[in-house]
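Read the structure below first, then the notes.
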Amino acid sequence: MDLFADNQLSIFNATRQNLLPFDGEVFLYPNFYQEDGVYDLFEELKHTILWKQDKMKIYGRSVNFPRLTSWYADNDQSYTYSGVVNIPLPFTPLLLKIKQAAEAQCGKQFNSALLNFYRNGEDSMGWHSDDEKELSGNPVIASASFGATRTFQFKHKEKKNAMISIALSNGSLLIMQGQTQHNWMHRVPKTTKDPGPRINITFRDIKY
Numbered sequence: 001m002d003l004f005a006d007n008q009l010s011i012f013n014a015t016r017q018n019l020l021p022f023d024g025e026v027f028l029y030p031n032f033y034q035e036d037g038v039y040d041l042f043e044e045l046k047h048t049i050l051w052k053q054d055k056m057k058i059y060g061r062s063v064n065f066p067r068l069t070s071w072y073a074d075n076d077q078s079y080t081y082s083g084v085v086n087i088p089l090p091f092t093p094l095l096l097k098i099k100q101a102a103e104a105q106c107g108k109q110f111n112s113a114l115l116n117f118y119r120n121g122e123d124s125m126g127w128h129s130d131d132e133k134e135l136s137g138n139p140v141i142a143s144a145s146f147g148a149t150r151t152f153q154f155k156h157k158e159k160k161n162a163m164i165s166i167a168l169s170n171g172s173l174l175i176m177q178g179q180t181q182h183n184w185m186h187r188v189p190k191t192t193k194d195p196g197p198r199i200n201i202t203f204r205d206i207k208y
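Here you go:
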């Protein structure tokens, strides 16, 4: 299965536009992965990824993350975020194909991937930046989305009125780079509507 059309890449590269007004670089390719087979990709990811329910501490209480997660990498190094220690699983053939497509677009090699499974509109991701020390410098992060469309929001860390909302649809690829993680936070907010399930894969290069 071809994940994306070769003739689309030159169009995307020629017309890409930075979605952030300042202090960072974010690029969106809404139809990066071809329509044919994209829903099959979602179903395969849903049923073959080893999903887990992580917990976090809030005011001394242990509560479930409002989503399912999984961590894959090409080595056996653990990775800690939000207080959770993740032991990686080896990349599946499908994850490798998706990763290679993202790498071709970014011109960047990735060695790991954090996956999030948003089961319904109640599942979410709070405000945060991907600024862990293992990412170092100005990380390039490629975020692939499959399944239902969800809103993805940015807000500036200092300029509180600077906020941007983006619709991440099935088969889209979002690239965050430059100073983005230093100056902006992002989230996937809850919604009272039930858009259906969504799987997000964020590819990154972890420095151990």
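Under UniProt numbering, the first residue of the sequence shown carries the number 1, and numbering increases by one thereafter.
We put the beta carbon where it would ideally sit given N, CA and C, even for glycine.
Please read all numbers here as calculations on a predicted model, not as lab measurements.
Spatial neighbours of ASP205 in its own chain (CB-CB distance under 8 Å, excluding positions within 5 residues in sequence) are listed in chain order as LYS108, GLN109, PHE110, ASN111, SER112, LEU135, PRO139 and VAL140. With distances taken between CA atoms, MET185 lies nearest to ASN161 out of PRO197, THR48 and ASN161.
When secondary structure is reduced to three states using DSSP, PHE27 falls in the strand class.
The C-alpha of TYR79 is placed about 11 Å away from the C-alpha of SER70.
Counting along the chain, VAL85 sits inside no alpha helix (DSSP H); it lies in the beta strand (DSSP E) bounded by residues 84-86. Here the alpha carbons of GLN53 and ILE201 stand approximately 16 Å from one another.
The beta carbon of LEU41 is closer than 6 Å to those of PHE146 in its chain, skipping five residues each way along the sequence.
A contact between stretches requires three or more CB pairs, one per stretch, nearer than 8 Å, and the region 150-166 fails this requirement with the region 86-96. Rounded to the nearest whole angstrom, the CA to CA distance from THR48 to LEU94 is 10 Å. VAL188 is bridged by DSSP to MET125. Counting along the chain, VAL63 sits inside the beta strand (DSSP E) bounded by residues 61-64.
Spanning the alpha carbons of LEU20 and HIS182 requires a straight line of approximately 13 Å.
In chain order, PRO195, GLY196, PRO197 and ARG198 place their CB closer than 7 Å to the CB of ALA148, counting only its own chain and leaving out the 5 sequence neighbours on each side. If one requires a minimum length of 3 residues, the beta strand (DSSP E) runs lying completely within the UniProt domain "Fe2OG dioxygenase" (109-207) are 112-118, 125-128, 141-147, 150-156, 163-168, 173-177, 184-188 and 198-204, in chain order. The three-state secondary structure of ILE58, taken from DSSP, is strand.
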